[in-house]
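So the protein sequences, as listed, match chains A and B. For the first sequence, position 46 matches number 38 in my numbering, and the numbering has no gaps at all. For the second sequence, position 22 matches number 14 in my numbering, and the numbering has no gaps at all.
2 protein chains.
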Amino acid sequence: MPKKALTHPRKTASQARSRLTVDALLEATARILVKEGYDRASTNKIAALAGVSIGSLYQYFPSKEALVAAVAERHAERAMGLARQTFARVATSPVETALRELVTLSVEAHRIDPELHRVLAEQVPRTGRLKNVEALTREAQGLLRSYLETHRDELAIEDLDMAAFICVTTVESLTHDAVLDHPEFLTGRKLPRLVDDITRLVARYLRK
Amino acid sequence: MPKKALTHPRKTASQARSRLTVDALLEATARILVKEGYDRASTNKIAALAGVSIGSLYQYFPSKEALVAAVAERHAERAMGLARQTFARVATSPVETALRELVTLSVEAHRIDPELHRVLAEQVPRTGRLKNVEALTREAQGLLRSYLETHRDELAIEDLDMAAFICVTTVESLTHDAVLDHPEFLTGRKLPRLVDDITRLVARYLRK
DNA sequence: CCAATATATGAGCTATCGCTCACAATGTAT
DNA sequence: ATACATTGTGAGCGATAGCTCATATATTGG
């Protein structure tokens, strides 16, 4: 008799076969979320679309909440990957150009699977399960804080933490809202102006 | 036999008694949302807390969604009331002071029933029912646009709509996030600095 | 007082959903 | 080949939720 399978806290997939299953589940969840919305996205539908039995789903995710949280985390991690690259690249660039690159990055990040992004933002309840996603926001603030610190002589900042909070929140919110609700600002003509304006907004705030 | 009561599209309450019922329902919904969260807030619990039968609830609201949307609308309308007053008062003030008052207003608005505000923001799915709430955001942008237009000579703005979008979104997001997730910026010492910084952020962006 | 209308009641229907569990199949080590 | 661990299966349980409807009570106008 196999050791009593601890009902809930499932092991992470270790063998190749099971990793495929987990991947299929994450992908199916993302697609069902987009197609049906959070409420109508039932675990049964998800398992069916993944081509996997409902039992297997619960082998790897203790609850629907955890499954959706994993999808959100994977999505946020992709954006954060871009962000880390960009911060590394601009580490020694002057403020103005660095900020412009960061704003551009933010727009691009919000264009990764924007429909999924919308559902995650608009329909998934923010419960404790999303702690890992919040951690990424804090990481972004930390990265900017470091940048600001090393360029402090170019800047007029008293409270580094507050400045990092203000800049990250501002850029994120503006690009988020623009991508989700203001397509008119993303047309060929207007997009450069939007990037310009957001850059100017934070640059003038920070510079002496 | 009374005319077949159209099953769903309920009349708005007209007599005094029924208006009390509707009010009790809205208030009970707000309190249950805060106490239980959106998912666990069942219509039966709401009716019970309101001291009203479940049938009455469905006389005035065709669905749980509509009921919650009404609560969200009432909440947003309160904030918008403050905003209209403030815009009226600062209509002829110079940019810097007007912006400072608007930022202060935004902080105060986010302190109206902040726990309800959190639930509405974090747990209520953004469906079509919230169109009226979105309309209020657009109204705020319109009000700021008008202000900017009449003070255009003090400003360096090319695209009024974009500038209004940027300012409103920025101030709203920053105060929202600060109130909900950054109590450390709202202590006695730091709150004035936060207001200062947000004001400076948008003022420098707008001014020549 | 007496219709006629507006408002209120709540037991219970229908539907669905998240999730379990007893079992089967597949992979692996000896 | 055998034994054991890992992975996969899916019918169906228990719970709860949203909502209806037949009926009762209150209010109003004539």
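Cβ coordinates follow ideal geometry from the N, Cα and C atoms, glycine included.
Given a threshold of 16 other Cβ atoms within 10 Å of its Cβ, counted over all protein chains shown, does residue i qualify as buried or as exposed?
| i | result |
| --- | --- |
| Thr78 (chain B) | buried |
| Ala80 (chain B) | exposed |
| Arg92 (chain B) | buried |
| Leu94 (chain A) | buried |
| Ser34 (chain B) | exposed |
| Met(-7) (chain B) | Only weak support is given to the placement of Met(-7) (chain B): the predicted model assigns it a pLDDT of 30, under 50, and the value that follows is read from those uncertain coordinates. Counting Cβ neighbours within 10 Å, Met(-7) (chain B) comes out exposed, since fewer than 16 surround it. |
| Leu12 (chain A) | exposed |
| Thr191 (chain A) | buried |
| Ala39 (chain A) | buried |
| Asp169 (chain B) | buried |
| Ala8 (chain B) | exposed |
| Ala83 (chain A) | exposed |
| Ala132 (chain A) | buried |
| Asp189 (chain A) | buried |
| Ala127 (chain A) | exposed |
| Gly180 (chain A) | exposed |
What are the start and end residues of the alpha helix (DSSP H) that includes residue i?
| i | result |
| --- | --- |
| Val194 (chain B) | Lys182 to Leu198 |
| Ile38 (chain B) | Thr35 to Ala42 |
| Ile24 (chain B) | Ala8 to Arg32 |
| Asp173 (chain B) | Leu152 to Asp173 |
| Ser48 (chain A) | Ile46 to Tyr52 |
| Leu112 (chain A) | Pro106 to Glu114 |
| Leu59 (chain A) | Lys56 to Arg81 |
| Ser98 (chain A) | Val87 to Ala101 |
Provide the residue(s) that pair with residue i in DSSP beta bridges, ordered along the chain.
| i | result |
| --- | --- |
| Leu128 (chain B) | Beta-bridge pairing links Leu128 (chain B) to no other residue. |
| Gly147 (chain A) | Residue 147 (chain A) is actually Leu in this sequence, not Gly. Its beta-bridge partners are A:Arg199. |
Measure the Cβ-Cβ separation of residue i and residue j and say whether it is below 9 angstroms.
| i | j | result |
| --- | --- | --- |
| Leu152 (chain A) | Leu140 (chain A) | yes |
| Leu74 (chain A) | Leu59 (chain A) | no |
| Ala42 (chain A) | Ala64 (chain A) | no |
| Thr162 (chain B) | Ser165 (chain A) | yes |
| Thr167 (chain B) | Ala101 (chain B) | yes |
| Val116 (chain A) | Leu25 (chain A) | yes |
| Tyr52 (chain A) | Leu108 (chain A) | no |
| His67 (chain A) | Leu112 (chain A) | yes |
| Arg76 (chain A) | Ile104 (chain A) | no |
| Arg199 (chain B) | Ala148 (chain B) | yes |
| Glu114 (chain A) | Arg118 (chain B) | yes |
| Val99 (chain B) | Val14 (chain B) | no |
| Met154 (chain B) | Lys182 (chain A) | yes |
If we count Cβ pairs, one from each stretch, closer than 8 angstroms, do we get three or more for the region 110 to 128 of chain A versus the region 153 to 162 of chain A?
Contact fails: fewer than three Cβ-Cβ distances are below 8 angstroms.
Mind the definition here: the region 188 to 196 of chain B touches the region 84 to 104 of chain B only if three or more C-beta pairs lie below 8 angstroms; say whether that holds.
By the criterion of at least three beta-carbon pairs nearer than 8 angstroms, the region 188 to 196 of chain B is in contact with the region 84 to 104 of chain B.
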